Each structure stands twice: as C-alpha cells, then as structure tokens.
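Enquirer:
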Amino acid sequence: MTQHLTDLAQGQHYPAGALYIVATPIGNVADITLRALHVLGLVDRVAAEDTRNTAQLLSRYGISKPSISVHEHNERSAAERVIEHLRNGERIACVSDAGTPGISDPGAKLVDAVREAGFPVIPLPGASALTTALSAAGAWVQTFTFVGFLASKPKQRATQLQSFAKEAGALVFYEAPHRIVETVQALADALGSERQLLIARELTKLHESLHRCTLAEGPTWLAGDPNRQRGEFVLVVEGAPHQDAAEDAHDALLSTLLEELSVSSAARLAATLTGAPRNALYARALHLAKSEEE
Ligand code: SAM
1 MTQHLTDLAQ GQHYPAGALY IVATPIGNVA DITLRALHVL GLVDRVAAED TRNTAQLLSR
61 YGISKPSISV HEHNERSAAE RVIEHLRNGE RIACVSDAGT PGISDPGAKL VDAVREAGFP
121 VIPLPGASAL TTALSAAGAW VQTFTFVGFL ASKPKQRATQ LQSFAKEAGA LVFYEAPHRI
181 VETVQALADA LGSERQLLIA RELTKLHESL HRCTLAEGPT WLAGDPNRQR GEFVLVVEGA
241 PHQDAAEDAH DALLSTLLEE LSVSSAARLA ATLTGAPRNA LYARALHLAK SEEE
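Residue numbers (UniProt numbering): 1 to 294.
1) Going along the chain, which residues of its own chain have a beta-carbon closer than 7 Å to the beta-carbon of Arg45, five neighbours each way excluded?
2) Would you say the segment 15-28 touches the segment 119-136, given that touching needs at least three Cβ pairs under 8 Å?
3) Is Val234 close to the ligand ZN? I mean its beta-carbon at under 6 Å from any heavy atom of the ligand.
4) Return the bridge partner residues of Tyr174 from the DSSP annotation.
5) For a quick check, are the C-beta atoms of Arg173 and Val141 less than 7 Å apart?
6) Closer than 8 Å is the cut-off here; do at least three beta carbon pairs connect the segment 151-167 with the segment 202-214?
7) In terms of residue numbering, what span does the alpha helix (DSSP H) encompassing Arg284 cover?
8) Here's a check: name, in chain order, each residue in its chain whose Cβ is nearer than 8 Å to the Cβ of Leu258, leaving out the five neighbours to either side.
9) Jot down the residue ranges of each uninterrupted alpha helix (DSSP H) in the segment 174-202, minimum 4 residues, whole runs only, in chain order.
10) Compute the Euclidean distance between the alpha carbons of Ala98 and Thr33, then round it to the nearest angstrom.
11) What does DSSP give as the partner residue(s) for Val39 in the beta ladder?
12) Look up Ser69 in the DSSP assignment and say whether it is helix, strand or coil.
13) Are Glu80 and Pro106 touching if we call contact CB-CB under 7 Å?
14) Looking only at its chain, what residues have a beta carbon closer than 7 Å to the beta carbon of Val43, apart from the 5 residues adjacent to it on each side?
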C-alpha cells in the first residue's frame, strides 16, 4: 500500500526551475506527507526559516540538502538568491520551522518575488496548526477569519479586536504561552464573555489538549493548572451573535444620537423615529455607550 502511494508521489511531474512550498509537521514528526518527502529528496536546495532546525528535521527522514536561510528579516534579499538558483534550473523547496510556510511564518514575500520573476510556485498541502485546530472545532464553526498573532501592546490589541468584533464567522488566533491568559482575558473583554472558545494546545504532541468553554471561563480554566498555560496555542472564538439589518440600523441611529444626547433621551427619540420598543433601544443604547467609554 505505502509503496503504491510512494509511486503516486513519484509519478507526478516536478518541473525544474520551480519553487515548492512544503508543509512540515507541527509536533509529531510522522505528520509529513509522502509527497513532501519525495519532493524534499528531489530538490537541489531548501530555503529554510532556520537552516539548523530544518537540517535536523530532514535528517530524521534520511535527507540532507544545501540550504538558504530565509527568515522574517531577510526574506526579500534571500529571494534574490533563490531566484538566481531557479534561473540555473534548480528545484527549491521552501519550508518553515513548523507547519505551512506563509501561515504566520516567512514564505509569502518569497512567493511574490519568485512569481514576479516568472517561475512557478508549487504548493504541497500538509500540516498547519490552523487547520488542525479547526478540524476538531465542531459544527459551531462554519466560516472563519484567521487573525494569527494579535499585537502585544494592549491598546493596539484592543483596536485590532474591535475591528473583528462584528465578524459573523469564528475568529482564529495563534498565541504563545507567556501571553495566553492575558490574551484570553482581552478576547473576553473585547468580544463579550458568552462566546464559545476552543483552546487547542500542543496539537499532535504528547501533552495535546483541546478544551471548550466560554470566553468568560477561559482565564479561570487556564489559571486552574500551570500546565494548561504551557506550550503552543490555537484559540478559536465563536463569531458575533446574529444581528439583523434592522438592529444594525438601530445601532447606527443610536450611535449618532448618543453623540449629543443621554442614553434615555437617545432611546426615547429612536423609539419615536423607528417605532421599535423603547426598552429594547434603551438596553442597546446603554451597551453602545459603555463600549464607547472603554
Ligand atoms: N506555520 C505554522 C502553521 O502552519 O501553523 C505556524 C507558525 S507560528 C510561528 C507558531 C504558532 O503556531 C504557535 O505560537 C502557535 O500559536 C501555533 N502552533 C504551532 N504549532 C502548534 C501546535 N502543535 N499546537 C498548537 N498551536 C501550534
């Protein structure tokens, strides 16, 4: 069976002078595809985020290749070197430290430069913390926005979160252990405490855990055991509660009225203008006024 699949991977055409985007495991070293192994064995060179890290990974599959370092700070200049090698007819694989290149990792600028220079870019699907977490999220996630890492400064982070607050689809974040509690608290503050949250930790690794709770419960659960704050995290947050077009229009009206009037006067005038119940408009005006203060 495996030989048959290996033959399939080998049987495909892998043109020379092309850049291959190759996903690598996010923890469990066995999570690499047969096709990725074939291409890593075939290429002339590997463009890697951390060449030592990649050399170690490749050696586990019995592969050794010359490498070019392509990281966050040299991606454009490194792209020039990659393009030179492509001009010489080489096949080059682009890999990051873990998962799929270009997903919160270097790779996207290299892709732009290589395509602009007229060479093919060939993606090989594989592991990513994003799709791994989503695959186990459940039916409450239908559509999603991938945010990745939030800004670390509280003010910037709050502004960023405000811009996603009305998204109907789920929001997906990456986070490091030292900021996990603070970030989950910031999510609860900005998005409301009732939304569902999936905390996916150490995916595919020994201490893998997936915990589902509300945003309000998240910080308490994390604080309940220091081990829960260790490792790498994906956070999946439920989208904004459904709001229909009429409610959107009421919010817009109330926001304008609140610029000049008190909460109760804004609600009263809005009720007269729209015919909607005054107490519902009052509750909404109160919420809008509070969000504005924060
Ligand atoms: N390119 C990678 C991908 O495709 O998922 C992401 C690289 S990004 C620099 C690293 C972040 O991805 C980590 O801080 C964490 O948020 C997430 N991550 C990576 N591996 C993970 C894992 N095994 N479990 C949970 N999250 C992970």
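Glycine is no exception: its CB is placed at the ideal position from the N, C-alpha and C atoms.
All figures in this text were calculated on a predicted structure; none of them were measured in a lab.
Expert: With the structure as the only source:
1) Along the sequence shown, one-based indexing puts residue 45 at 45. Closer than 7 Å at the Cβ level, and outside the excluded window around Arg45, lie Lys65, Pro66, Ser67, Ile68, His85, Glu90 and Ile92.
2) Because the criterion of three Cβ pairs below 8 Å is met, the segment 15-28 and the segment 119-136 touch.
3) Here the bound small molecules are the ligand SAM; the ligand ZN is not part of this structure.
4) Within the sequence shown, the letter at position 174 stands for residue 174. Beta-bridge pairing links Tyr174 to Val234.
5) Residue mapping note: residue 173 aligns to position 173 of the sequence shown, counting from 1. Residue mapping note: residue 141 aligns to position 141 of the sequence shown, counting from 1. One point to set straight first is that residue 173 is Phe, not Arg, in the sequence displayed. No; because the gap between Cβ atoms is not below 7 Å, this pair is not in contact.
6) The segment 151-167 vs the segment 202-214: no contact.
7) Counted from its first residue, the sequence shown places residue 284 at position 284. Where Arg284 is concerned, the enclosing alpha helix (DSSP H) stretches over Arg278 to Glu293.
8) Position 258 of the sequence shown, counted from the start, is the residue given in the question as residue 258. Leaving aside the five residues that flank Leu258 on each side, the residues in its chain whose CB is nearer than 8 Å to its CB run, in chain order, Ala266, Ala285, Leu288, Ala289 and Glu292.
9) Correct list: 180-191.
10) The residue labelled residue 98 in the question sits at position 98 within the sequence shown. The residue labelled residue 33 in the question sits at position 33 within the sequence shown. Looking at the two C-alpha atoms, the distance is approximately 14 Å.
11) Translated into positions along the sequence shown, residue 39 becomes position 39. The beta-bridge partner set that DSSP reports for Val39 is empty.
12) Residue mapping note: residue 69 aligns to position 69 of the sequence shown, counting from 1. Strand, per DSSP.
13) Within the sequence shown, the letter at position 80 stands for residue 80. Within the sequence shown, the letter at position 106 stands for residue 106. In this structure, Pro106 does not lie closer than 7 Å to Glu80 by Cβ.
14) What you label residue 43 is simply residue 43 of the sequence shown in a count that begins at 1. If we look at Val43 and ignore the five residues flanking it on each side, its Cβ neighbours are Tyr20, Lys65, Arg91, Ile92 and Ala93.
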